Amino acid sequence: MSYGILIVSHVEQIAQGVPKLLQQVAPDIAITFAGGTDDHEIGTSLDKITTALEDNSASEILAFYDLGSAKMNLEMAGEFSTKPVHLYDTALIEGAYVAASLLQAGVDLPEIEKQLELLQIKGDG
Amino acid sequence: MSYGILIVSHVEQIAQGVPKLLQQVAPDIAITFAGGTDDHEIGTSLDKITTALEDNSASEILAFYDLGSAKMNLEMAGEFSTKPVHLYDTALIEGAYVAASLLQAGVDLPEIEKQLELLQIKGDG
Amino acid sequence: MELTVETLTTWMNDFEAKIAAKKAYLSDLDTPIGDGDHGNNMARGMRAVTEALATKNPADLTTGLKLVAMSLISKVGGAAGPLYGTAFLEMAKKSNTTAELSELLEAAVLGIKQRGGAELGDKTMVDVWEVVVPEHAAGQLTSEKIAQAVEATKELVAKRGRASYLGERSVGHLDPGAVSSGYLFEALLETEGELK
Amino acid sequence: MELTVETLTTWMNDFEAKIAAKKAYLSDLDTPIGDGDHGNNMARGMRAVTEALATKNPADLTTGLKLVAMSLISKVGGAAGPLYGTAFLEMAKKSNTTAELSELLEAAVLGIKQRGGAELGDKTMVDVWEVVVPEHAAGQLTSEKIAQAVEATKELVAKRGRASYLGERSVGHLDPGAVSSGYLFEALLETEGELK
Ligand SMILES: Nc1ncnc2c1ncn2[C@@H]1O[C@H](COP(=O)(O)OP(=O)(O)O)[C@@H](O)[C@H]1O
Ligand SMILES: Nc1ncnc2c1ncn2[C@@H]1O[C@H](COP(=O)(O)OP(=O)(O)O)[C@@H](O)[C@H]1O
Ligand SMILES: [Mg+2]
Ligand SMILES: [Mg+2]
Ligand SMILES: [Mg+2]
Ligand SMILES: [Mg+2]
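So the protein lines, in turn, are chains A, B, C and D.
Counting in UniProt numbering, the first sequence runs from 1 upward without gaps.
Counting in UniProt numbering, the second sequence runs from 1 upward without gaps.
Counting in UniProt numbering, the third sequence runs from 1 upward without gaps.
Counting in UniProt numbering, the fourth sequence runs from 1 upward without gaps.
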């Protein structure tokens, strides 16, 4: 079983940019992203999220998002998919960075989640 | 006196993307950004930060960053500049989003800072 | 009332017309306490809904409700997409066992609340759904009651969605999702009225 | 020893040579506990330093130190840029009142600690600077003592910088900034040795 990271943002460029920060410290971790609506506007797209989820070569996904509506779409994508998705209410960039660093270092999920709890700053829709 | 927002990220695309999220809810707030090194690599550039600081049409700046080295460069830029810079150790995207929303709504700085404290998740270099 | 795929279509066409007419107003409501796109989001979503219903011509209620749900989910783009989408998806699921509208709507309310985590009083669309649906079940829903539920969101402090970042500053503004939900139920009243 | 702009230049040229020779090693050290760029960062920065010193030919020590600082700040790109940059900037400021190297270095250590917030034992370059500078002031600095200070970072848990995200997992790895700082002081010893 392998863990990958999924980044979901309302803005295409943020979604594209975060993996670049992560890949530096986690070259061996599968990272995919979904940003913006299908029409390249600001928002999120269930379709894009689903594609990014399925395209991620890992068998289990740690997912990070920016705003509440991204979370709702992420949850729906998770429900429609057979891949287990762990959704974190952490700061998007900082949470994903920590998860990537620790996954690369071979840390196990419970310990990673303990670290992520310290970065939890959202949780409502 | 007017307040503006400055976004500093190691990744050019993140730095470009965050203002797009903010402008949606804060069309009247001056937002500038600096991302990546002078050679468009991952990192931060004092030069780019200084330019973004001076280019911001506001007289006082609320600054947000991703990783510690960006913070150090931000601090140096602040020291070299005559413009007051308030530096926040919050989640980058989420902190900047809250600051932008509240500035747009005309909330004063002390109240904004109270909100930002809830999003503070870093602080070391 | 038992919902049929034909009534659903009438209802959705009526809702789409209201949304289209109030598109700018809904986005204006979303400007001071959000990102100013709720009207555009809903108009895009409902256009997709009515087009899908017209072109795909769903054979039964469940298929119709699913089509509505998927169109909203994939086209709205903002928070309203998964929320309205979940509402119709839950109605679709429920329609496998009953076509009774009040039961479908109850499933929808639960779905919305679960999806977004909002409760009554959080200044969201839930403030309309949760008040209106029992009135509808009791056969006592009126335009006035809908308007009251919508209007009641004005004095609330937002606890969910983008408006929640403004805290107290959200007071004095109607919630855009509550207003669009009001149109949905207005359209439903009209659809039911036509059937009488 | 009183630092002069000539000695500074010799020192920086020697440091640049060491960094260039160990570029890959420094980046390798930065890979398990960082982003793998410390060697490239420092090589780029020090190349800029020696080029600036050669082409701008600073007339006095203060100008020379400032040139070193600004080259590092603008060319390194990573955390080491503002940190080494601040060190030399503080030395430049201090050089307005004294050229005594030990006093300049003391100002540098304070600057680094203030800039990055790291204390002794946080597994950063501070662990070298804070140990080495007093030894240098006492005239007792040796290669061995430098090596010991560098080596001591291996068993520490990182508390600052990227490595701090790894917590306990950072144990067992040398801190790359400590290693490059070791080269800086090795180069200083050599420069001083040549003067004897
Ligand atoms: N967590 C939530 N639970 C219930 N309703 C919500 C929630 N978040 C947002 N809403 C509703 O969605 C509306 C905003 O929709 P829209 O503008 O389309 O989305 P966005 O905020 O993503 O731009 C709000 O007015 C509110 O009624
Ligand atoms: N807050 C800090 N205080 C002191 N030294 C630090 C701090 N953060 C990082 N460093 C030093 O910087 C080195 C990393 O430099 P470099 O790789 O160039 O920067 P980056 O981490 O931005 O890629 C670390 O090995 C450490 O010695
Ligand atoms: Mg909106
Ligand atoms: Mg929106
Ligand atoms: Mg590095
Ligand atoms: Mg780096």
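Backbone N, C-alpha and C fix where the C-beta goes; we use that ideal spot for every residue, glycine too.
Bear in mind that the values here come from a model prediction, so they are computed numbers and not experimental data.
Q. Helix, strand or coil: which one does DSSP assign to A/Gly-125?
A. Confidence is the limiting factor: at A/Gly-125 the pLDDT is only 41, short of 50, which leaves the residue's position unreliable and the question unanswerable from this model.
Q) Is D/Asp-37 near ligand 6, going by C-beta to nearest heavy atom under 7 Å? A) Shortest gap from the CB of D/Asp-37 to any heavy atom of ligand 6: under 7 Å.
Q | Beta-ladder partner(s) of A/Ile-5, from DSSP | A | A/Ile-31, A/Leu-62
Q: Report yes or no: is there a C-beta of chain A within less than 8 Å of the C-beta of D/Asp-28?
A: no
**Q.** Below-8 Å beta-carbon distance, B/Leu-51 vs any chain D residue
**A.** The displayed chain sequence assigns Thr, not Leu, to residue 51 of chain B. By this cut-off, B/Thr-51 is not an interface position.
Q. How is A/Val-85 classed by DSSP in three states: helix, strand or coil?
A. Under the three-state reduction of DSSP, A/Val-85 is assigned to strand.
Q: Consider the Cβ of C/Asp-175: report whether some Cβ of chain B lies at a distance smaller than 8 Å.
A: no
Q: Let me know if C/Asp-37 comes out buried or exposed under the rule of 16 or more other beta-carbons within 10 Å of its beta-carbon.
A: buried
**Q.** Close-in-space but distant-in-sequence residues of the same chain around C/Ser-102 (CB under 7 Å, 5 per side omitted)
**A.** His-136, Ala-137
Q: Note down, in chain order, every chain E residue with its Cβ under 7 Å from the Cβ of A/Ala-105.
A: Considering every chain present, this structure includes no chain E. Its protein chains are A, B, C and D.
Q: Using a cut-off of 7 Å between C-beta atoms, extract the partners of D/Lys-122 located in chain A.
A: The residue you asked about is not Lys; residue 122 of chain D is Asp in the sequence shown. Going along chain A, no residue has its Cβ under 7 Å from D/Asp-122, so there is no contact; the nearest lies around 17 Å.
Q: State buried or exposed for A/Thr-44, treating a residue as buried only when at least 16 other CB atoms are found within 10 Å of its CB.
A: buried
Q: Give the C-beta separation of B/Gly-17 and A/Val-11 to the nearest angstrom, bearing in mind that I take them to be a contact with Cβ-Cβ under 8 Å.
A: 4 Å
Q.
Measuring straight from C-alpha to C-alpha, what distance separates B/Gly-125 and B/Ser-69?
A. Its pLDDT being 41, under 50, B/Gly-125 is placed unreliably by the model, and nothing is read from it.
Q) Would you say the beta carbon of B/Gly-78 comes nearer than 7 Å to a heavy atom of ligand 6? A) Not one heavy atom of ligand 6 lies closer than 7 Å to the C-beta of B/Gly-78.
Q | Those residues which DSSP pairs with residue 137 of chain A across a bridge | A | There is simply no residue 137 of chain A to check, as chain A begins at 1 and stops at 125 in what is shown.
(Q) Short of 6 Å in beta carbon distance, which residues of its chain neighbour B/Gly-4, apart from the five on each side in sequence? Order them along the chain. (A) Ala-30, Asn-56, Ala-58, Ile-61
(Q) Contact between the region 23-40 of chain C and the region 113-124 of chain B is defined here as three or more beta-carbon pairs at a separation below 8 Å; is this criterion met? (A) no
Q: Assuming C/Ala-48 contacts C/Lys-75 (C-beta within less than 8 Å), just tell me the rounded distance between them.
A: 4 Å
Q: List the residues of chain B that A/Val-11 touches, going by C-beta distances under 8 Å, in chain order.
A: Gly-17, Val-18, Lys-20, Leu-21
Q: Determine the extent of the alpha helix (DSSP H) in which D/Met-125 is found, giving its start and end residues.
A: Counting along the chain, D/Met-125 falls outside any alpha helix (DSSP H), and DSSP gives it neither H nor E.
Q: Answer with yes or no whether the minimum CB distance from D/Arg-162 to chain A is below 8 Å.
A: yes
Q | Start-to-end residues for the alpha helix (DSSP H) that takes in D/Lys-22 | A | Careful: D/Lys-22 lies outside any alpha helix (DSSP H) and carries neither H nor E.
Q. In angstroms, rounded to a whole number, what distance separates the CA positions of D/Lys-154 and A/Val-107?
A. Rounded to whole angstroms, the separation of the alpha carbons of A/Val-107 and D/Lys-154 is 20 Å.
Q: Measure the CB-CB distance between D/Gly-77 and B/Glu-41 and report whether it falls below 8 Å.
A: D/Gly-77 places its beta carbon less than 8 Å from that of B/Glu-41.
Q. Can we count B/Gln-43 as close to ligand 6, meaning its CB is less than 7 Å from some heavy atom?
A. Per the sequence shown, the amino acid found at residue 43 of chain B is Gly instead of Gln. Result yes, Cβ under 7 Å from ligand 6.
Q: Go through its chain and collect everything with a Cβ distance to D/Asn-13's Cβ below 6 Å, but skip five positions before and after it.
A: These residues qualify, in order along the chain: Thr-50.
Q) Run through DSSP, which three-state label would D/Gly-182 get? A) In this structure, D/Gly-182 counts as helix in the three-state DSSP scheme.
(Q) Assuming the contact rule is C-beta atoms closer than 8 Å, B/Met-72 and D/Leu-83 should be a hit. Round their C-beta distance to whole Å, please. (A) 7 Å
**Q.** Beta bridge counterpart(s) of A/Thr-90 as assigned by DSSP
**A.** A/Gln-120
Q | Alpha carbon of D/Lys-113 to alpha carbon of D/Leu-67, nearest angstrom | A | Looking at the two C-alpha atoms, the distance is approximately 21 Å.
**Q.** Neighbour-count burial assignment, D/Leu-195, 16 or more Cβ in a 10 Å radius
**A.** exposed
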